[in-house]
Every structure is written in C-alpha cells, then in structure tokens.
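In what follows, a structure is listed as structure tokens, so that the remarks can point back to it.
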Amino acid sequence: MDSPPQAALQLAGVSKNFGPVAALRSGSLTVQPGSIHALVGENGAGKSTLVKIVAGVHRRDGGDFFLDGQAVDFGSTAESKAAGIAVIYQEPTLFPDLSVTENIFMGRQILGRMRRIDKATMYREAGKLFQGLGVHIDPRRPALGLSIADQQIIEIAKAISLDAKVLIMDEPTAALSGVEVERLFTVARRLRDEGRALVFISHRFDEVFDLCDAVTVMRDGSYIGTRPIAETTVTEMVNLMVGREVADLFPKQDTDIGDVVLKVEGLQSAGVFHDVSFTVRRGEIVGLAGLVGAGRSEIARAVFGVDRYDSGTVSMSGTAVPARNPRAAIRSGMAFIPEDRRKQGLVTDASVAENIAGVIRRGLAKGGLLTKAQENRAVAPWAARLEVKTSSLDAPAKTMSGGNQQKVVIAKWLATKPDLLIIDEPTRGIDVGTKSEVHRLLSELAGQGLAILMISSELPEVLGMADRVLVVSEGRLTADLTREQATPETVMHAATASSGSQEMAR
Amino acid sequence: MTHTTTDEGTALLLEPSALPARTRLLKTLLRSRELSVAIVLLIVVAAAAIKSPDFVVSSDGWRDLLLTPTILLLLAAGQTVVIITRNVDLSVGSILGLSAWLTGELFMAHPGLPPVLAFVIGSAAGAGLGLINGVVVAYGKVPALVITLGTQYIFRGIVLTWAGSSLISASQMPDRFLKLGTAQIFTIPVLFIIAMVIVVAVGYYLQTARSGRELYAVGSDPEAAVLYGLPVNRRVVGAFILSGALAGLAGVVFAARYGTVNSSAGTGIEFQAVAAAVVGGVAIFGGSGTAWGAAIGAGLLMTINSALPMVGISDFWQQALVGALIIAAIVLDRVLAARQARKLIEARDES
Numbered sequence: 001m002d003s004p005p006q007a008a009l010q011l012a013g014v015s016k017n018f019g020p021v022a023a024l025r026s027g028s029l030t031v032q033p034g035s036i037h038a039l040v041g042e043n044g045a046g047k048s049t050l051v052k053i054v055a056g057v058h059r060r061d062g063g064d065f066f067l068d069g070q071a072v073d074f075g076s077t078a079e080s081k082a083a084g085i086a087v088i089y090q091e092p093t094l095f096p097d098l099s100v101t102e103n104i105f106m107g108r109q110i111l112g113r114m115r116r117i118d119k120a121t122m123y124r125e126a127g128k129l130f131q132g133l134g135v136h137i138d139p140r141r142p143a144l145g146l147s148i149a150d151q152q153i154i155e156i157a158k159a160i161s162l163d164a165k166v167l168i169m170d171e172p173t174a175a176l177s178g179v180e181v182e183r184l185f186t187v188a189r190r191l192r193d194e195g196r197a198l199v200f201i202s203h204r205f206d207e208v209f210d211l212c213d214a215v216t217v218m219r220d221g222s223y224i225g226t227r228p229i230a231e232t233t234v235t236e237m238v239n240l241m242v243g244r245e246v247a248d249l250f251p252k253q254d255t256d257i258g259d260v261v262l263k264v265e266g267l268q269s270a271g272v273f274h275d276v277s278f279t280v281r282r283g284e285i286v287g288l289a290g291l292v293g294a295g296r297s298e299i300a301r302a303v304f305g306v307d308r309y310d311s312g313t314v315s316m317s318g319t320a321v322p323a324r325n326p327r328a329a330i331r332s333g334m335a336f337i338p339e340d341r342r343k344q345g346l347v348t349d350a351s352v353a354e355n356i357a358g359v360i361r362r363g364l365a366k367g368g369l370l371t372k373a374q375e376n377r378a379v380a381p382w383a384a385r386l387e388v389k390t391s392s393l394d395a396p397a398k399t400m401s402g403g404n405q406q407k408v409v410i411a412k413w414l415a416t417k418p419d420l421l422i423i424d425e426p427t428r429g430i431d432v433g434t435k436s437e438v439h440r441l442l443s444e445l446a447g448q449g450l451a452i453l454m455i456s457s458e459l460p461e462v463l464g465m466a467d468r469v470l471v472v473s474e475g476r477l478t479a480d481l482t483r484e485q486a487t488p489e490t491v492m493h494a495a496t497a498s499s500g501s502q503e504m505a506r
Numbered sequence: 507m508t509h510t511t512t513d514e515g516t517a518l519l520l521e522p523s524a525l526p527a528r529t530r531l532l533k534t535l536l537r538s539r540e541l542s543v544a545i546v547l548l549i550v551v552a553a554a555a556i557k558s559p560d561f562v563v564s565s566d567g568w569r570d571l572l573l574t575p576t577i578l579l580l581l582a583a584g585q586t587v588v589i590i591t592r593n594v595d596l597s598v599g600s601i602l603g604l605s606a607w608l609t610g611e612l613f614m615a616h617p618g619l620p621p622v623l624a625f626v627i628g629s630a631a632g633a634g635l636g637l638i639n640g641v642v643v644a645y646g647k648v649p650a651l652v653i654t655l656g657t658q659y660i661f662r663g664i665v666l667t668w669a670g671s672s673l674i675s676a677s678q679m680p681d682r683f684l685k686l687g688t689a690q691i692f693t694i695p696v697l698f699i700i701a702m703v704i705v706v707a708v709g710y711y712l713q714t715a716r717s718g719r720e721l722y723a724v725g726s727d728p729e730a731a732v733l734y735g736l737p738v739n740r741r742v743v744g745a746f747i748l749s750g751a752l753a754g755l756a757g758v759v760f761a762a763r764y765g766t767v768n769s770s771a772g773t774g775i776e777f778q779a780v781a782a783a784v785v786g787g788v789a790i791f792g793g794s795g796t797a798w799g800a801a802i803g804a805g806l807l808m809t810i811n812s813a814l815p816m817v818g819i820s821d822f823w824q825q826a827l828v829g830a831l832i833i834a835a836i837v838l839d840r841v842l843a844a845r846q847a848r849k850l851i852e853a854r855d856e857s
C-alpha cells in the first residue's frame, strides 16, 4: 500500500475494538486531494467506524492515520474539525429553532462593533455560500422543516466556511430524491474541482460510477482493495464486497405456505409512506428491504399501531385491527420486535424470566399477585426452546450477549402465542456466529406456521431468508419479488428507484 | 428564483429575505408573542382603569403598577436564560429569601454599608448558589428539575436555620437603603428602572452575543450542540449563575421594597417566574423565547393579580385565570409550532 506522500487523507491498518467486538480489524484508505473517493461495503463492514475515527468520535486502537502527510490522532470532533475534516452525516443534526445562517456560523459568528454579532454580514456570507454551491435557500429561514437534502447542503456550506480540506459524506443520498441527488453531485464535483478531497459512502453503484474517481472496498472490518473507477465493474465490486456465496449462510427451510394472516391495504401516512398494500401468509417469511430511511420501520410501527396513519386498513386473519392501539394489535395476534432491542424491547436490568414474562404477565397473576415461581414456570419452556444460554433465568438480561438478548426478546413475544411476528433488523449488532442461530430460529418458527415480516438492511439476510421480498423506496413499495426473482440486482434496483420512475418491478 | 408562494405567513418562514427589510421587521413584530402579550397587558390595565381610575392615574397607583412586578421581572429574565437551555431553576425563590435575609443581616452588622455594595453582595451570593446548581446539572447530568427542587429546600433550610422565627424590620435597616424602595425619577420608581435595565441587557445579550446564541443552540438540540463543539456544560453553568445572580439581586430589591424580611421571603415565587416566562413565549423545551417576552409575561401576571380585585373578581377566579393563561400559552405554543412545521413541510412537498 505505498501511495504518494501528498495524499490528503491516509489511513493504514487502522483497528478499533468495542469490548470484545472488533468493529474494525484493518481499515485502510488513501484519498488524493481534488478527487472523490468511494468507500463501499456491506452494512457492518466497518465503514462507519472508519469514518468516526477520522471524525474524532472514536480513537483508533492501532494503525496509522495521516492528514496531508502529517501523523494525527484526534481525541474529539473539535480537533478533527480544526484540522480541516468535515463529516456530512446521512441525517444532519441542525438546531431547528435557529436560522440556517446561525446554524452555519454557530460558535464562530461574525462579530461587529463591541463584539456584538453582525447579523447583516452573516446573512450576506451565508447567501454567498449558497450561491457558490448553486442552491437557493433563504439564509433567514429557520432550519425547521428543511428537507434532508437541504440540511446536508447546510452542513456542506458549514464545511466550506470552515475551509474543510477533507469532506466525508456518509450515505448522503440514502434519503434523497433523484433531483436532490443530482444537485448534491453538482456541488460535490464543484468542491473536487476546488482541490478538496471527498469521501463518498454509498450503497448505490450507479452513483459510485457516476461520481467517483476511485473506490475502496471493505468487508468484515478489513480493507479488501482499491480500484480506479475506470478500471473496475459492478460485478467486480460486488464480488469484492460479498466475497462469499449468499445462499450458503442463511438456510431457509421450505415450508407449506398457508392462509393470509396479515393483510395491509392502502396504508398511508403523509410524508412518511404512501399507498402500502401487502399480505403475509402462515409459514411465510416476508422480507421488507430498502435503504435506511426508506420508511420500512415506519410502516411496521404503523401496522403494529405504535405510529398513526392517515388512511388504509390493517387486518389479521380477516379481522380489522384498530389503528394506534398496540394492545389491540397484540390481542389480534401480532408481535413486534423493534430494531433497538436494548431501548425498546428489553429491560436490561430485569432478569431473563421477568423479560420473557413481560407481555403475558397479566395472565400469570393469581388473585392479583405474581410470584417468581409462577414466572419462572411460565417462561422456562420458551427459554429452553430457544436455547437461551444463560446460567439462570434470574440473571439480569444485560449480562448476556447480543445474540442471546435477541433470543430473549423473541421468547418474550412467542410467549404471547402470536400468529404474526414483525421483526426489525433481527441480527443488527449480533456477532457473525450467533447470527446464523437467529436465522435458524426464525426459519424454524416459520416452519411451525408462524407468519414473519422481517425488516432487514442486510441484503444477504433478506435474500437468504425471505420467501418473498417487498422493497420500499421513499415510502412506497417498489417491488414484490418471489424468492426466485430476488437477486442483489433486482432488490437494489427497486430500492434505489426514485419517485420519478415509479414502476412496480414484478 | 421564482417563488409563487401566495401565503404571506409562509413567505415569512421560507423566504424572509424576499420581503423588503421594513415589511419583514413589521411582520415579525406583528406576529411576535411579545406584542400579543403586551396587548393583553394593556387591556387588563385599561379595564381596571375604567373601573377605578386610581389604579393608574393616582401617584400611588402608578407607582404600585410599576413596582409590583419589579421583583418578578428580574426572576423571569433569569428563568428565561435557564429555560432557553432546556433546563429550569426552581431554587430562585429560596435564593431570593437567602439574599434578602443576608441583606438585612449585613445592614444590622454594618449600618454604614453603601446600598450599592448590598446589591453587589446579594447578586454575588446568588451567583454562588447558581454555580452550585449549574455544576451539578451540567456535570452530574442530573435533570435540572430534580436538582433545583432539591436545592430549593436546602437553600430555604439555610434561611430557616439562620433566621429562625425572627424578623428584620424597617427600623433595623438604614433609611438611605429603604428610600430606594420608594424613590422615583420622573415618577418612575428607581427599582423598576434597575429591573428594566437588566431585562433589556439580558435580552440584548441573548440576541447579540456568541455565548447568548449558544444558549439557544444548546436548548434547541443538546446533542447537535455537542457535535458542533460548543462548550455545552459551560453554557449551562453560566445560565444558572446568571439566574442565581438575578435572584440574589431580587432578594436585595425585596428588602429595599418591603423593609421587612423573614425566613419565608420569596416562597413559591419560582413558579411565578416559570409561569411568566412561559406566558411570555419562552418555549418550555428550550431553544426559543426572549427575556423581553418573559418580562412582559411577568408584568401581566402581577398586574392581573392586582387588577382583578378592582374589577370585582374573586380570589378563586384570579388563581384560575392565571392557570388558564399558562395552559393557554403552552397550548398556543404547541398549536403554532405544529402549524409552522406543517407549513414548512407542505411547502417542501410542493417544491
């Protein structure tokens, strides 16, 4: 990995561990000034960790980090910022109550007489920045209500006003429409031509080929390879990224698919999702695929009654389920395992038994009283069935591994004897070894006749597990694919379909 | 750029720069919370004056009209600064009590003490107590509601231990100091002038100083403030110090105005301070509002209390009305914020 010493940004063999989990084994990246460099890899490949090390959010455990040939080591985001690094996140964090100009200049406002803030000059400067970027945003308007695309522009304007030499864009296009992506690319090219170095993280290959000059591929926390964009192909990139056969990892046993359990018709929520209709049958695993921010979790939350929706119907086995009523949804036979199980699915301080009994507790109480023995008796079969590995049912849930925690959450909901299991990102944050156990479990449950709606950002997981794949893009279902039709290409194609070219790819 | 927005409200939100500077200023003012609360205040005063002209035109009436809200003006300004950072300071009533008693003790021990020094010492003592609040809230990461509820009792406990059941009366304080309580310049009470100068200064600071704007940023989105590299903890501590200092100053004003101090001075006034800020348009979840609005809110609350008996409304209804005002202010905030957010999103969907 020898490279010219004048590289704007150079990382070599960088590693980072979080406790026993190696988030980054050996990350390497070399970016030249005046170029746009793509960083690609599956979810969990270590891209975000690498970015956070550059941004000063995390400190690396090993490896080399050079900026303009100088060895650097950032202990805070402020240090990285001062060194000329700007990170534009997928969903920027702005101050909604303040004007976009204040958002750009916060903390280093232009001062006038008596060290008072010179608002007029600031508005003028912000106007100039927007003009330079070729966008029209009123410098006086509040940041509240800006589209994500505009929020990113504000972040970019901020980076330019700081004269950032290295701009890292972490999946900036995931939630953008076609027009907005074009605008962002125009801005990015302009910045490149000014001699800045840009790092562009994306899942969309067409964008990578359209915008970037070179591409670095990562897999499982390690550097795999770097290619000039002109000398590579989509096929080569996919091979580098995946590096293994998809089907081997996630065996889904064939099951008899039965009657319709969940039927969703014309579900709509302004600004979130539109006209969503689908069914899930007994014994079927339906994968809900799409890019982060496409509206998958929101659809699931609305179906389960956590979030409101404007119109449409949800029914279980032919009976309508009232909106905005999770209790009714549970009674109708739904179970919902949210993405962030630590926050939403598990009481980490409570014991395994208490967690599993969480939803069925009402039924366990005798004469209004609940005893530990009753609880343990009721949950033991579930824990055994899922092979939750813990020394005792009384152990607090937080002492367990991510995979076992997930099993506890699944057990908790299975104890309600549901007909439908909605599970959001079933293996996020679970190490590779335990992942397949969770997959095997879901597969077995489907085999026993449970209907499963599985949301997943990991393409191999969706392709390996699902009998049918629904793809969501910008709040709309853009594809309904059978197991045979679903390939990385068809799913990614539907997931990146912009609102301009809406077509159900059947 | 052609924008076809016909609705002026949306234009003010989305394209304020497209409006001529004077129109923009006028529209912002007309739509401001400060103006609407000020109008309500004027209506209350007018209604009371019609029923009983003495309320405004007699020299005593005029003086009381301005003097009554003085203490709350100071507390509301301090409370505003804290609320803007998405915190709250419930200990200001006790700080006021402590400072008032301290002032009395000071004058008993040193009758020759210049009154100015009493104001400085009272404010400094309040600032010290505010520092304690701020450090625990900012660095201990404990919600301000809990901490200041605790220090409210602790500070009050100190006053109770120190003062016992005794009373410092006017005869124990020097005349020079007590005269300040009634002194007027061009019929305007001096204490009121002091409070107004401070309110204007705090409001001006919040609008035009870097650290002032950072207080808004911290309250608008604390996590974003950290990502921006703002000194969040320092700003929160600063807000509590300012609130404490103003409460301390209010304690000295209390002693000068009433001439008598006992251990219960300022009990319960912290809730009036929060109410004044909320009624005056300071968002309870931080990030927006002005010290000027809070001051007008304070004026309204205190004036209602003294005006309603004039109009012949019973005690119960006075309390209920103040309560209704607070709830109405919060509901109004929610409705307006939701409407603004919806307009902005609609405008975005259309473009």
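Chains as they are written, first to last, in my numbering: chain L, 1 to 506; chain A, 507 to 857. Heads up, the beta-carbon is just placed ideally off N, CA and C, and yes, glycines get one too.
Query                                                                                                                    : Result
Which residues DSSP lists as bridging Val264 of chain L, in chain order                                                  : L:Phe278 and L:Val314
Separation of Phe18 of chain L from Glu245 of chain L, as counted between CA atoms                                       : Annotation note: pLDDT 47 at Glu245 of chain L (below 50); position unreliable, coordinate value reported separately. Glu245 of chain L and Phe18 of chain L: Cα-Cα distance of roughly 28 Å.
Integer-rounded CB distance, given that Ile423 of chain L should sit under 8 Å from Met454 of chain L                    : 5 Å
8 Å contact criterion, which Glu776 of chain A and Leu596 of chain A should meet: CB distance rounded                    : 5 Å
Coil, strand or helix - Lys647 of chain A by DSSP                                                                        : coil
Amino acids of chain L, ordered along the chain, whose beta-carbon sits closer than 9 Å to that of Asp839 of chain A     : Under the 9 Å cutoff, chain L gives no residues; its nearest Cβ is about 12 Å from Asp839 of chain A.
Selection from L:Gln448, L:Asp64, L:Gly295 and L:Ala479 that minimises the alpha carbon distance to Thr255 of chain L    : L:Gln448
Closer than 8 Å to chain L by CB, Pro728 of chain A                                                                      : no
Test: Thr591 of chain A CB closer than 8 Å to a CB of chain L                                                            : no
Assigned exposure category for Met492 of chain L - 16 Cβ within 10 Å defines buried                                      : buried
Residue range of the unbroken beta strand (DSSP E) whose run includes Ala415 of chain L                                  : No beta strand (DSSP E) contains Ala415 of chain L, which DSSP labels as neither H nor E.
Selected residue, minimal CA-CA separation from His274 of chain L, among L:Gly312, L:Leu24 and L:Lys158                  : L:Gly312
Any C-beta of chain A under 8 Å from that of Arg308 of chain L                                                           : no
Closest by C-alpha distance to Ala517 of chain A, when choosing among L:Arg141, L:Gly62 and L:Arg281                     : L:Arg141
His493 of chain L, enclosing alpha helix (DSSP H) - first and last residue                                               : Pro488 to Ala495
Pair within 8 Å by beta-carbon distance, Gly799 of chain A and Gly786 of chain A                                         : yes
Nearest residue (CA-CA) to Arg116 of chain L, options A:Gln713, A:Leu535 and A:Ile833                                    : A:Gln713
Ile660 of chain A versus Ala650 of chain A: straight-line alpha-carbon distance, rounded                                 : 15 Å
Listed by chain order, chain A residues near Leu470 of chain L by CB distance under 7 Å                                  : The contacting residues do not exist; Leu470 of chain L stays about 24 Å from chain A at best.
CA nearest to the CA of Ala834 of chain A, picked from A:Thr688, A:Tyr734, A:Leu736 and A:Ala781                         : A:Ala781
Outcome for Ser820 of chain A when other beta-carbon atoms lying within 10 angstroms are tallied against a minimum of 16 : exposed
Lys557 of chain A, buried or exposed, once every other Cβ within 10 Å from all chains shown has been counted against 16  : exposed
Classification of Glu489 of chain L by the beta-carbon crowding that lies within 10 angstroms, buried from 16 upward     : exposed
Chain L within 8 Å of Leu532 of chain A, Cβ atoms only                                                                   : no
Where Gln151 of chain L falls, given that 16 or more other Cβ within 10 Å makes a residue buried                         : buried
Cβ contact check for the stretch 563-572 of chain A and the stretch 715-735 of chain A: 3 or more pairs under 8 Å        : no
Val551 of chain A to Val817 of chain A span [Cα, whole Å]                                                                : 11 Å
Rounded C-alpha distance that separates Gln70 of chain L from Gly84 of chain L                                           : 13 Å
Extent of the continuous beta strand (DSSP E) to which Arg468 of chain L belongs                                         : Arg468 to Ser473
Contact list for the stretch 87-115 of chain L against chain A, Cβ threshold 7 Å                                         : Thr93, Leu94, Phe95, Pro96, Asp97, Leu98, Glu102, Met106, Gly107 and Gln109
Under 8 Å between C-beta atoms of Gly27 of chain L and Leu11 of chain L                                                  : yes
Contiguous alpha helix (DSSP H) assignments of at least 4 residues, all confined to the stretch 726-754 of chain A       : 728-733
Val471 of chain L beta carbon less than 8 Å from that of Ala507 of chain L                                               : Residue numbering for chain L in the displayed model covers 1 to 506; residue 507 of chain L lies beyond these limits and cannot be assessed.
Close Cβ partners of Arg296 of chain L (< 6 Å) along its chain, the five nearest in sequence each way excluded           : Leu288, Gly290, Ile455 and Val472
Closer than 7 Å at the beta carbon, the chain L residues around Thr714 of chain A                                        : Arg116 and Ile117
Residues in the stretch 167-186 of chain L having any Cβ partner in chain A nearer than 7 Å                              : none
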